[in-house]
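Trainee: The opening position of the sequence shown corresponds to residue 1 in the numbering used here, with each subsequent residue numbered one higher.
Every residue, glycine too, gets a C-beta built ideally from N, C-alpha and C.
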Amino acid sequence: MLFKSRQLFPFGLACLLLSTQAIAKSDYQALSDNFKQEFHKQLKKNGVPGGAFVIIEDDKILKMSSYGKRKKGGSLNINSNTVFRLASVSKTFAGTLATMLVHEKKFSWEDSLIHYMPEFKLADSSATKEINLGHVIGQSTGLMPNSYDNILNANGKLKKIIPQFSKLTPMCSPGVCYSYQNIAFSFIQPVIEQQTGSSYANLVEKRIFSPLNMDTASIGMDAFLASNNRASPHIKTRSGFKKVKVKPNYYQVEPAAGVNASITDISKWLIANLGNNPKVLSPQLLQDIKEPGVRTRKELRRREWRTHLNDAHYGKGWRVYDFKGEELVYHAGWVAGYVAEIAYSPRLKIGMAMLLNGESRVIAELGSEFWSKVITQEKRLASKTKAAK
Numbered sequence: 001m002l003f004k005s006r007q008l009f010p011f012g013l014a015c016l017l018l019s020t021q022a023i024a025k026s027d028y029q030a031l032s033d034n035f036k037q038e039f040h041k042q043l044k045k046n047g048v049p050g051g052a053f054v055i056i057e058d059d060k061i062l063k064m065s066s067y068g069k070r071k072k073g074g075s076l077n078i079n080s081n082t083v084f085r086l087a088s089v090s091k092t093f094a095g096t097l098a099t100m101l102v103h104e105k106k107f108s109w110e111d112s113l114i115h116y117m118p119e120f121k122l123a124d125s126s127a128t129k130e131i132n133l134g135h136v137i138g139q140s141t142g143l144m145p146n147s148y149d150n151i152l153n154a155n156g157k158l159k160k161i162i163p164q165f166s167k168l169t170p171m172c173s174p175g176v177c178y179s180y181q182n183i184a185f186s187f188i189q190p191v192i193e194q195q196t197g198s199s200y201a202n203l204v205e206k207r208i209f210s211p212l213n214m215d216t217a218s219i220g221m222d223a224f225l226a227s228n229n230r231a232s233p234h235i236k237t238r239s240g241f242k243k244v245k246v247k248p249n250y251y252q253v254e255p256a257a258g259v260n261a262s263i264t265d266i267s268k269w270l271i272a273n274l275g276n277n278p279k280v281l282s283p284q285l286l287q288d289i290k291e292p293g294v295r296t297r298k299e300l301r302r303r304e305w306r307t308h309l310n311d312a313h314y315g316k317g318w319r320v321y322d323f324k325g326e327e328l329v330y331h332a333g334w335v336a337g338y339v340a341e342i343a344y345s346p347r348l349k350i351g352m353a354m355l356l357n358g359e360s361r362v363i364a365e366l367g368s369e370f371w372s373k374v375i376t377q378e379k380r381l382a383s384k385t386k387a388a389k
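1. Would you please state the rounded distance, in angstroms, between the beta carbons of Phe187 and Phe120? I believe it to be under 8 Å.
2. Would you call the CB atoms of Leu97 and Gln252 closer than 8 Å?
3. Does DSSP classify Ser390 as helix, strand or coil?
4. With H, G and I counted as helix, E and B as strand and the rest as coil, what does DSSP make of Glu304?
5. Measuring CA to CA, which of Ile56, Pro49, Val48, Gly47 is closest to Phe35?
6. Given 8 Å as the limit, is there contact between the region 165-178 and the region 124-132, that is, 3 or more CB pairs closer than that?
7. From Gly68, Glu327, Ile78, Gln139, pick the residue whose C-alpha is nearest to that of Ser88; which is it?
8. In angstroms, rounded to a whole number, what distance separates the CA positions of Ala387 and Glu341?
9. Would you call Arg347 buried or exposed, if buried means 16 or more other Cβ atoms sit within 10 Å of its Cβ?
10. Can you check which of these residues, Tyr321, Ser218, Val204, His313, is closest to Val280 by C-alpha distance?
11. On the DSSP bridge assignment, give the partners of His331 in chain order.
12. With a threshold of 7 Å on Cβ separation, who are the neighbours of Val136 within its own chain once the five nearest residues in sequence on each side are excluded?
13. So within the region 134-214, which uninterrupted alpha helix (DSSP H) runs reach at least 4 residues, ignoring any that extend past its ends?
14. Let me confirm a value: Gln181 is counted as buried when at least 16 other C-beta atoms fall within 10 Å, else exposed. Which label applies?
15. For Lys91, count neighbouring Cβ atoms within 10 angstroms of its own Cβ and tell me buried if that reaches 16, exposed if not.
16. Is the CB-CB distance between Pro255 and Val244 below 8 Å?
17. For Lys72, which residues from the same chain have a beta carbon less than 7 Å from its beta carbon, with the 5 sequence-adjacent residues on both sides left out?
18. Going by beta-carbon coordinates alone, are Trp318 and Val335 separated by less than 8 Å?
19. What are the boundary residues of the beta strand (DSSP E) that Asn77 is part of?
20. Give the range of the beta strand (DSSP E) segment to which Ala257 is assigned.
21. Taking all protein chains shown into account, decide if His103 is buried (16 or more other Cβ within 10 angstroms of its Cβ) or exposed.
22. What are the partner residues of Val83, as DSSP defines its beta bridges?
23. Can you tell me which of the three DSSP states Met100 falls into?
24. What is the DSSP secondary structure of Asp288, reduced to helix, strand or coil?
25. With distances taken Cα to Cα, identify the nearest neighbour of Glu327 among Gly333, Asp311, Val339.
26. So, is Arg301 buried or exposed, given that buried needs 16 or more other C-beta atoms within 10 angstroms?
27. Kindly give me the distance between the Cβ atoms of Trp109 and Asn132, rounded to whole angstroms, as I take these residues to be in contact under 8 Å.
28. For Arg306, which of Pro292, Ile289, Lys324, Lys316 has the nearest alpha-carbon?
29. Confirm, please, whether the CB-CB distance from Ser262 to Trp81 is below 8 Å.
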């Protein structure tokens with residue numbers, strides 16, 4: 001009998017430990033549960049056709065939920081595998097891929113852009129030579145913000161837009177001032193393709209999507225339209241949201257706005273960026289992409305965020321916020337009919353993302369309020385821990 005009880009004890013202890021672990025809840029579980037209610041409530045209140053969100057803690061999903069329809073008036077619900085356009089959240093993938101290749105010495109941030117794009121010219125030839133790849137990926141080229149996006153919006157072709165840069169004089173020296181770009185940001189694509197011999201889309205698939213098992217993620221309009229489970233775009237009108245056609249214009253700038261993904265894919269992207277897949281995103285790479293570059297003062301005036309932000313910079317395809325004293329790595333995206341937002345706290349190991357198939361500022365309201373509550377709760381928990389000691 002003694003022999004049997006010695007055999008049973010470790011098994012019983014293991015069951016007890018497993019049971020304890022199973023019922024243990026995150027300090028942020030209730031907050032995540034409440035966010036689901038608020039997400040559904042606000043999307044309904046604002047008439048948004050549909051959306052999805054995910055909240056991550058370290059390597060676990062605290063809450064994932066979807067709301068509404070793939071298209072207004074339709075019968076198909078949005079679910080966790082419904083594909084949305086990510087718009088400018090695509091820049092987070094481009095910044096990451098480019099940083100990988102810099103670490104592998106395929107090129108350097110100090111390399112002049114015209115070394116790879118000799119056709120690129122500005123009105124000032126000396127300014128042309130000064131723009132390097134670090135300026136391109138760090139949004140500090142010195143060009144007027146959103147240069148020639150108006151032509152892109154009108155579906156002007158990229159090969160006809162690039163020569164237009166010869167008319168521009170920078171508003172500041174490269175590296176000095178913040179200068180958000182879509183077209184110029186995407187000049188990293190020919191650099192990547194020349195130095196690897198692979199298309200940008202194939203390389204993102206090989207280096208990021210595939211190893212992270214982002215099964216529904218893709219780049220480009222054809223890939224998006226090939227997905228049977230995709231969210232249709234909706235723009236806001238005086239009479240409510242109206243379904244529109246998917247436009248090809250911003251798909252021309254793949255690094256800036258070419259990625260498509262589901263909220264399930266985005267959960268994997270967040271988990272990796274929180275440091276849980278070091279074979280794909282190394283600790284050194286994660287540190288590098290969020291290294292603050294040029295200050296982005298304009299972000300400090302964002303209506304929904306300005307009361308929370310102490311400072312803001314641009315990293316490498318990611319924004320870096322000082323949100324109530326906490327480092328928050330962030331990016332938002334908008335393209336006709338879609339909005340997206342993604343953010344994570346490296347120290348707290350919390351991440352959150354939202355995807356909507358209707359243009360609405362409610363996404364910014366939900367995001368800023370969520371992070372305010374997370375950081376308020378963290379301070380409360382830290383205070384309790386300190387008091388207990």
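Mentor: Let's see:
1. 7 Å
2. no
3. Absent from the model: residue 390. The displayed extent of the chain is 1 to 389, so no value can be given.
4. coil
5. Ile56
6. yes
7. Gln139
8. 36 Å
9. exposed
10. Val204
11. Ile342
12. Leu113, Ala184, Phe185, Phe187, Ile188
13. 149-153, 158-161, 188-196, 200-204
14. buried
15. buried
16. no
17. Pro49, His234, Phe241, Lys243
18. no
19. It is not in any beta strand (DSSP E) - Asn77 carries neither H nor E in the DSSP assignment.
20. Not the beta strand (DSSP E): Ala257 falls in the alpha helix (DSSP H), residues 254-257.
21. exposed
22. Arg230, Ser262
23. helix
24. helix
25. Asp311
26. exposed
27. 6 Å
28. Lys324
29. Checking the displayed sequence, the identity of residue 81 turns out to be Asn instead of Trp. Yes, they are a contact pair.
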